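To keep things clear, I will list the structure first and then write my remarks on it.
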Amino acid sequence: MIVDRSLKGARLADTAPVFAALGDTTRLHIVARLSDGGGLSTARLTEGTKVSRQAITKHLHALEGAGLVRSGRVGRERIWRLRATRLAEARHYLDQISIQWDAALSRLRTLVEKEKP
Amino acid sequence: MSTDRIEKEVLLHATLERVWEAISDSNQFGAWFGVAFDGPFVEGARLTGRIVPTTVDEEVARLQKPHAGKAFEFLVDRIEQMQRISFRWHPFAVDASVDYSKEPTTLIVFELREVPSGVLLAISESGFDQIPLARRAQAFAANDGGWTMQTKLIAKYLTMQP
Chain U
1 MIVDRSLKGA RLADTAPVFA ALGDTTRLHI VARLSDGGGL STARLTEGTK VSRQAITKHL
61 HALEGAGLVR SGRVGRERIW RLRATRLAEA RHYLDQISIQ WDAALSRLRT LVEKEKP
Chain F
1001 MSTDRIEKEV LLHATLERVW EAISDSNQFG AWFGVAFDGP FVEGARLTGR IVPTTVDEEV
1061 ARLQKPHAGK AFEFLVDRIE QMQRISFRWH PFAVDASVDY SKEPTTLIVF ELREVPSGVL
1121 LAISESGFDQ IPLARRAQAF AANDGGWTMQ TKLIAKYLTM QP
């Protein structure tokens, strides 16, 4: 049996693939706000946080650079949206590699456990 | 579950020597890994591996088929006799038109521990968070365009935080 040690003691927040990669509570907050799929302006995203608009903008650009959000100009505002596809892809990527390792380790076990001639 | 690493553990009913041989001898490693290496595992060695689809598992062979024969770089990191061996490579580095040498590698570590019933082999592969998202996205055939249930739950959890 092949045990996936990375599943042990997982926290809910740890299960989000790219959320963990972000490693910053402000970015997590931004992603959470955008998570219902709707678009929000920079101003709206700054509301209710203790962070300056400038800092929020920096975080948004970092998220955009990572392919997690995209933006568009609507009038004088910039509206931000989550790129859901990228998140699902990041998760699936790791799953694919995990499956390949399971298969390779099964073959290793077959190799070492059979009797030597 | 971490996004940066994969960790596996398997109990092998074999001697320490047998397991060490299977992971430290490049020919034997290649036989179960599904790769032909062009040289032995020596610390610091830069080897070329070529994918050889396995005949053992049909499902895996199907996944490997598009990549059969493709060459990739495999770096031997450290060797601690009978205990630990580690490598570096670029996962899914099978696009011939791409120069992967500038991209970050992942680190694969094999650790052996003798236990009463055999050998406990622990494998970790880490460094995925540094792989560009675009590179990760190329790795799949099926492209799920929507949210998974998991990410919906996470988003909900985060919005509940004070």
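Heads up: the protein sequence lines correspond to chains U and F, in order. Position one of the first sequence corresponds to residue 1 (the working numbering), numbered consecutively onward. Position one of the second sequence corresponds to residue 1001 (the working numbering), numbered consecutively onward. The C-beta atom is built at its ideal place from N, Cα and C for all residues, glycine as well. Small disclaimer: the values here were computed from a predicted structure and weren't measured.
Query: Chain U within 7 Å of H1090 (chain F), Cβ atoms only; Result: no
Query: Any C-beta of chain F under 7 Å from that of A21 (chain U); Result: Bear in mind that the predicted position of A21 (chain U) carries a pLDDT of just 43, short of 50, making it unreliable; the figure below should be weighed with that in mind. So yes, A21 (chain U) belongs to the interface.
Query: Cβ shell of L60 (chain U) (< 8 Å), same chain only, five flanking positions each side left out; Result: I30, T42, L45, V69, S71 and W80
Query: Cβ contact (3+ pairs, closer than 8 Å) linking the segment 1096 to 1107 of chain F and the segment 100 to 114 of chain U; Result: no
Query: Presumed contact (8 Å Cβ cut-off) between A1071 (chain F) and V1052 (chain F), rounded CB distance; Result: Contact doesn't hold; Cβ gap of about 11 Å is too wide.
Query: is_contact[W101 (chain U), chain F] using C-beta, thresh 7 Å; Result: yes
Query: Under the three-state DSSP convention, the category G67 (chain U) falls into; Result: coil
Query: Helix, strand or coil at V1076 (chain F) [DSSP, three-state]; Result: strand
Query: With 16 other Cβ atoms within 10 Å as the buried cut-off, status of I1182 (chain F); Result: Outside the displayed range of chain F (1001 to 1162) lies residue 1182 (chain F), so it cannot be described from this structure.
Query: Residues, ordered as in the chain, of the segment 1026 to 1042 of chain F that lie near chain U by beta-carbon distance below 9 Å; Result: Q1028, F1029, A1031, W1032, F1033 and G1034
Query: For S35 (chain U), three-class secondary structure by DSSP; Result: helix
Query: A1031 (chain F): first and last residue of the uninterrupted alpha helix (DSSP H) it sits in; Result: S1026 to F1033
Query: C-beta neighbour in chain F for A104 (chain U), strict 7 Å; Result: yes
Query: Buried or exposed (CB count within 10 angstroms, at least 16 for buried), S1117 (chain F); Result: exposed
Query: Backbone secondary structure at T1105 (chain F) - three-state DSSP; Result: coil
Query: Which of helix, strand or coil DSSP assigns to V51 (chain U); Result: coil
Query: Where S98 (chain U) sits in the DSSP three-state scheme; Result: helix
Query: Where T1015 (chain F) sits in the DSSP three-state scheme; Result: coil
Query: 7 Å Cβ shell around V1019 (chain F) - same chain, five flanking residues per side excluded; Result: L1012, L1112, V1119 and L1121
Query: Inter-residue CB distance, R83 (chain U) and G65 (chain U) (contact presumed, cutoff 8 Å); Result: About 12 Å separates the two Cβ atoms, so there is no contact after all.
Query: Straight-line gap, F1128 (chain F) to I2 (chain U) (C-alpha atoms, nearest Å); Result: 21 Å
Query: Unbroken alpha helix (DSSP H) run spanning R132 (chain U), endpoints; Result: Chain U is shown from 1 up to 117; residue 132 (chain U) falls before or after that span and cannot be answered.
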